[in-house]
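The structure appears below as structure tokens.
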Amino acid sequence: MTLLRTPSKINDVLGAALVLQESELAEVRQRQMLSVATKTATGSGDIAHTFGLDCKYRLVFIRCHFTGSAGTASFHISVDSAAGPAYDARLFMIALAGTDKDVHLRIGEGDTGEPSAWTFQADDAIKIAWTNPDSGNITWGLEVGLAIAT
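Position one of the sequence shown corresponds to residue 77 (the numbering used here), numbered consecutively onward.
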């Protein structure tokens, strides 16, 4: 028995294999988009941290809990763009963050689709800044959720 090795048969088999591979890759991409990596930082001084991934990603949430003496300050979220300083921008500012004023920023369902306004390129960094009004007496725990974007 001999196999028919005509160009059209080979093309049909290769085409079917490519369709299957694309389908499997689409499923993997979908699972990755649902997987959120939580990056953390803690301290009792000022917050001056950057977060990012080594691939295109989107910001899903930012949470920060404060404990200790009374005090609040503005909480800044910005992007340090890989394209250069001309593209750095403040994304969001919360005027009063601190003890009894935790930060809970969750990107809404309308913003999590692709493309999202909260999508960043590889090597872009999300910068979080907060000046502790009572350094050493207010402690904080910061969580930033990032997900791979397409």
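Ideal Cβ positions, reconstructed from N, Cα and C, are used throughout, including at glycine.
Model, not experiment: these values are computed from the prediction.
Note to self: Among the candidates Ala205, Thr175, Ile224 and Ser120, whose CA atom is the shortest distance from the CA of Trp194?
What the structure shows: Ile224
Note to self: Between Leu135, Asp199, Gln97 and Thr215, which has its C-alpha nearest Trp206's C-alpha?
What the structure shows: Thr215
Next item on the list: Report the partner residues of Gly212 according to the DSSP bridge assignment.
Entry: Beta-bridge pairing links Gly212 to no other residue.
Margin query: Using the Cβ count rule (16 or more neighbours within 10 Å means buried), how would you classify Arg166?
Written below: exposed
Next item on the list: Could you check which residue in Tyr133, Val95, Leu101 and Cys140 has the C-alpha nearest to that of Thr116?
Entry: Cys140
Notebook entry, point to check: Thr228 and Ile204: beta carbons closer than 9 angstroms?
Noted result: Nothing can be reported for residue 228, as the shown portion of the chain is limited to 77 through 226.
Notebook entry, point to check: Going by the beta-carbon positions, is the gap between Cys131 and Ala201 smaller than 9 angstroms?
Noted result: no
Note to self: Residues in the same chain with beta-carbon distance under 6 angstroms from Asn213, minus the five sequence neighbours each way, listed in chain order, please.
What the structure shows: Gly144 and Ser145
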